[in-house]
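Numbering (the numbering used here), first residue to last: 13 to 366.
Where is the CB? At the ideal position from N, CA and C, for every residue including glycine.
Just so it is clear, the structure is predicted and the values come from calculations on it, not from any experiment.
Take a look at the structure set out below.
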Amino acid sequence: MGKLKVGIIGSGGISTVHMDGYNLLASKGEVEVVAACDIDEEKVKRYVKKYNIPRYYTDCREMMAKEELDLVSVCTWNSAHKDCTIVALRGGANVICEKPMALNAVEAQEMLDVAKETGKLLQVGFVRRFGNDADLVKKFIKGGTIGDIYYAKATYLRRDGCPGGWFGDKAYSGGGPLIDLGVHVIDLVRYLAGNPLPVEAFGVTYDNLGCGRAEGGDVAWGNPRGKFEFSVEDFAAAMVKFDNGLTLNVEASFNLNLKEDGGNIELFGTKAGINLSPSLEIYTDMAGQYVNVTPTGETALSFSGLFEREIEGFYNAALGKEPCRAPGEDGVVLMKILDAIYESARVGHSVQIK
Ligand SMILES: NC(=O)c1ccc[n+]([C@@H]2O[C@H](COP(=O)([O-])OP(=O)(O)OC[C@H]3O[C@@H](n4cnc5c(N)ncnc54)[C@H](O)[C@@H]3O)[C@@H](O)[C@H]2O)c1
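Take a look at the structure:
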């Protein structure tokens, strides 16, 4: 079989790590990146030059009409995920769409419906599912070390880390730290716990601190506000209940008066508890004695090779060599959870999830 042809939609920050993954596959003769697209022409021109990509476009419809692509990465801001993904699927490509899958569950379901109709793969950019730490936790869960997991805590907290730009503009992002950061840890808990379905959520959101207070904190990644308005929450917290009895407590912030940035996942089971960050530890008892167990080897999440594993997984799943680790179905479920948390915060009581 020849090399699979790849196209990139959205040539911003995250697309560069997708390119790392495709470049690794290209070095093994498995793919070639033939086109990239961005609505910002100057930006995409620089991008194709940097990566030696033969052609560029400013409209993904034109790209899909003119190219015969097997794999497409959708790396646009969130509000363009739905349209770009549907165009790419209808154009005959398998798609990996960055997280969050869309602005809401209705959009996400529409994308999944098109994937099913066209028979193409739709993977969501839940990169943490490809982490070395996730693999290790899965091993302990599968081996029965943890028992039944009934409670989980997940945090992704920044003291002064508002990305600014479109990330803070609800029309482009769909929300603040919950949809941007919380999405990663909520999904990871679901994945580790065997993908239970959500039944109910109670959430709160606040916008007390806005987008940065201390000098320089306004634009965490030098992303200017430009035309974008800051219109999202700066902090969100929620309890989510799942159909297998698991309850998740999640917190995410761009701005919060805490000592330092941090993120962690803790799972509590009938036989042991497990803590992911800063490195993996298991809390249990042996011979009537409480013990804290530290596995040998590298246990902290390593970003080295992480996105390369995600893109390789996408390539393998598209070829049917392995099951997709982050299918569109899980993207839809995640959007239902986020929708319910935002709705709960709006109405002031818990919300059922169907
Ligand atoms: N997996 C992760 O850890 C991770 C990390 C960062 C960002 N992301 C996600 O990746 C996506 C992009 O984030 P980013 O940081 O690269 O943003 P970015 O602003 O750097 O890049 C987004 C690009 O999309 C382009 N774009 C917007 N609409 C388009 C359209 N219709 N067609 C073509 N191009 C279009 C913009 O011009 C911009 O260049 C977001 O969904 C974000 O949530 C994921």
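Looking only at C-alpha atoms, which of the options sits nearest to residue i?
| i | options | result |
| --- | --- | --- |
| K366 | N220, G317, G300 and E212 | E212 |
| L36 | Y327, Y184, I353 and Y59 | Y327 |
| D95 | M113, D82, L83 and A205 | M113 |
| N64 | V45, C72 and D52 | V45 |
| Y59 | H93, V86, L83 and G22 | G22 |
| Y168 | K128, Y69, G131 and D199 | D199 |
| P210 | D219, F254 and G187 | F254 |
| E272 | T70, D52 and R170 | R170 |
| V139 | F315, H361, C72 and D219 | F315 |
| E79 | E110, G180, D192 and A100 | A100 |
| V252 | C72, E74, E122 and Y162 | Y162 |
| V7 | D181, L193 and A47 | The requested residue 7 is not part of the displayed model; the chain covers only 13 to 366. |
Ligand 1 and residue i: does the residue's C-beta get closer than 7 Å to at least one heavy atom of that ligand?
| i | result |
| --- | --- |
| G325 | no |
| I65 | no |
| I153 | no |
| P116 | In the sequence under discussion, the amino acid at residue 116 is Asn, which differs from the Pro named in the question. Checking the Cβ of N116 against ligand 1 gives no. |
| E245 | no |
| I20 | no |
| V126 | no |
| K111 | yes |
| S27 | yes |
| G180 | no |
| S314 | no |
| G186 | no |
| V139 | yes |
| C223 | no |
Determine whether the beta carbon atoms of residue i and residue j lie at a separation below 8 Å.
| i | j | result |
| --- | --- | --- |
| F152 | I286 | yes |
| A330 | L258 | no |
| V195 | L346 | yes |
| L16 | V43 | yes |
| A166 | L260 | yes |
| C336 | F266 | no |
| R141 | A264 | no |
| N106 | L313 | no |
| S291 | T308 | no |
| T70 | D50 | yes |
| Y184 | F240 | yes |
| N256 | D342 | no |
| V126 | I98 | yes |
| T217 | L190 | yes |
At what residue ranges does the stretch 67-141 contain a whole run of the alpha helix (DSSP H), taking only runs of 4 or more? 72-78, 93-102 and 117-130
Closer than 8 Å is the cut-off here; do at least three beta carbon pairs connect the stretch 348-358 with the stretch 246-261? yes
Would you check if there are 3 or more beta carbon pairs closer than 8 Å linking the stretch 293-310 to the stretch 169-176? no
What are the complete beta strand (DSSP E) segments, minimum 3 residues, inside the stretch 18-68? 43-49
Using 8 Å as the Cβ pair cut-off and three pairs as the minimum, do the stretch 273-280 and the stretch 145-162 touch? yes
Would you call the stretch 90-107 in contact with the stretch 304-324, where contact means no fewer than 3 C-beta pairs closer than 8 Å? no
Enumerate, from N- to C-terminal direction, the unbroken beta strand (DSSP E) stretches of 3 or more residues contained entirely within the stretch 151-201. 161-169
Could you give the uninterrupted runs of the beta strand (DSSP E) lying entirely in the stretch 209-297, keeping only those of 3 residues or more? 210-218, 247-254, 259-265, 274-281 and 285-287
Let me know the alpha helix (DSSP H) ranges lying completely inside the stretch 289-355, each 4 residues or longer, listed in chain order. 318-330
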